[in-house]
Every structure is written in structure tokens, then in C-alpha cells.
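Per the numbering used here: the sequence shown = residues 13 to 237.
Worksheet: one structure, shown below.
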Amino acid sequence: MPRTIAIGDIHGCAIALAKLIETIEPRLGDTVVPLGDYVDRGIDSRGVIDQLISLAGRCRLVPILGNHEEMLLGAREGRSDFRFWMNCGGMKCLDSYGSTGRMELIPSAHVEFLRSCRTCFETERHFFVHANYEPNVPLDRQTPHSLRWLSLRDYVPPAPHCSGKVAVVGHTPHSEILDLGYLKCLDTRCCYGGWLTALDVDSGQVWQTNERGELRGAEHRRPTA
Numbered sequence: 013m014p015r016t017i018a019i020g021d022i023h024g025c026a027i028a029l030a031k032l033i034e035t036i037e038p039r040l041g042d043t044v045v046p047l048g049d050y051v052d053r054g055i056d057s058r059g060v061i062d063q064l065i066s067l068a069g070r071c072r073l074v075p076i077l078g079n080h081e082e083m084l085l086g087a088r089e090g091r092s093d094f095r096f097w098m099n100c101g102g103m104k105c106l107d108s109y110g111s112t113g114r115m116e117l118i119p120s121a122h123v124e125f126l127r128s129c130r131t132c133f134e135t136e137r138h139f140f141v142h143a144n145y146e147p148n149v150p151l152d153r154q155t156p157h158s159l160r161w162l163s164l165r166d167y168v169p170p171a172p173h174c175s176g177k178v179a180v181v182g183h184t185p186h187s188e189i190l191d192l193g194y195l196k197c198l199d200t201r202c203c204y205g206g207w208l209t210a211l212d213v214d215s216g217q218v219w220q221t222n223e224r225g226e227l228r229g230a231e232h233r234r235p236t237a
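Next up, the structure:
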């Protein structure tokens, strides 16, 4: 049966991502939704993007745009402050391309991949965004700040989204999956020595790997209707 699998914030953790993909074994009918923040902080942003581009040939890949991709693209295109991105982990990203502050060394295929990332993806029962949402605002009218920047430390939606769908997000790091029933946060601190988390949103199966290439025992969580 085709699966819909969400992946939390990767942040340059290419070893953990490779182990996760190997473990999940995505198939042609599967939909894989990485939730954004592929770059910065970890040591191999380039390797992460290479793997995601390759993964698109094995399954339906629906990458979500994170705030770190927004910073990278904005700095590259002169729309935002290069130094701000550097202070948020951007130097680690450029280092992975063998660059010392030279944006032009990022391959055009990687830039186009990042430009292709979506703000939001919906299925019948779930929606996927990078960071957060406003409960009473339709998804197509949410602000970029809410979708990509608003931390769950600052604002936890007090209710399900008005669509009735379950939100699947990343962005705000937790030591374990945050599961409120109507909201699930999959950022489990991989780049800080934690785990990279993937969730089959329909079956509730969870996979977790880390930068040592270790796998934490797969488990099942009760799916939320």
C-alpha cells in the first residue's frame, strides 16, 4: 500500500539521512515529504541535497521550504542579509560546497531544487508545513512568517486547523516527537546530537536515525484521524 512519510529537519546531517532512506526503502508509489531545513548547522548540506534530488527518482518527493532555505535563497538573490544567514548556520552550508563565502559554488541544480520546494502540501487527512499555522486562517492565506518562522516555543495553536486536518511540522526542536493529536512536530534535534525522524502519517510507524548511522527501533504510534 502506498505510504505518506514525513521527515523532520535534516540540517546537513547527510549520514543520518542516508541511513533513514536505506531503512525506509521508499517505493515508487510512496509520497515522501521532507519538512524543510535541509541545509545549515550540520556538516554536509551538499550531501543532503544530493540525496533528496536522487530520492525524487524513487518515489513522489514533495519537499517543503524551510526558513533556512528561505535565508539561503534570499542571500543568494540579494533579498535578505547574507550575514544573518551566516549567523544562523549558513557558513556550514557553504563549507560543504568547498566555498568560503562564495554562493556561486552552489550548483544550479541545487538552487533549482530549493526553488521548487513548496510552502504547503495537503492530503485528505493531513497538511505539511515547515513551522506552524494559525488555526482559523485557510492554508492558502497563512503568512510566510507563520508557516516558516513561528516557533512552537512562542505559539502553540490552541486548536486544530479549521480544515480539520492534522498538521505535520518541524522547525521547533524537541527531544522526542511532539504529538498533540491535531499537530505533530518531527524536529528531534538531529543536528544537535539527537535523531532524524520519519513518520508514516497513516500507519503511525516511526523511524529514527542519527549522525553515527545508528537506527533507533521502529515503533508504531496511533494514527490520528
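Backbone N, C-alpha and C define an ideal beta-carbon position, used for all residues, glycine too.
Cα separation between T209 and C197? 10 angstroms
Of the residues P150, H183, P75 and M115, which one's Cα is nearest the Cα of T16? The option with the nearest alpha carbon to T16 is P75.
What residue from G206, N79 and V149 has the CA that sits closest to L47's CA? N79
Inter-residue Cα distance where the pair is A87 and G110: 18 angstroms
Per DSSP, cross-strand counterpart(s) of F139: DSSP, once it has assigned bridges, lists E134 and A179 as partnering F139.
Cα-Cα, which of L29, G225, L73 and E81 is closest to I118? Of L29, G225, L73 and E81, the residue nearest in Cα terms is E81.
Under 7 angstroms Cβ to Cβ from I63, same chain only, skipping five residues before and after it: list those, please. For the record, residue 63 in the displayed sequence is Gln; it is not Ile. The residues are A26, L29, A30 and I33.
Would you decide whether S120 is buried or exposed? Buried here means 16 or more other CB atoms lie within 10 Å of its CB. exposed
Taking DSSP's pairing of strands, which residues face T209 in a bridge? Q220
Just tell me which of D49, D199 and L195 has its CA closest to the CA of F139. L195
For T35 and Y204, the rounded distance between their alpha carbons: 22 angstroms
Would you mind working out which of L84, Q217 and S187 sits nearest E243, comparing C-alpha positions? Nothing about residue 243 can be read from this structure; the chain reaches only from 13 to 237.
Under 9 angstroms, do Y145 and V181 count as touching if we go by C-beta distance? yes
Starting from I27, trace the alpha helix (DSSP H) both ways and give me its first and last residue. A26 to I36
Can you give me the C-alpha to C-alpha distance between H122 and G41, rounded to a whole angstrom? Their backbone Cα atoms lie some 24 angstroms apart in a straight line.
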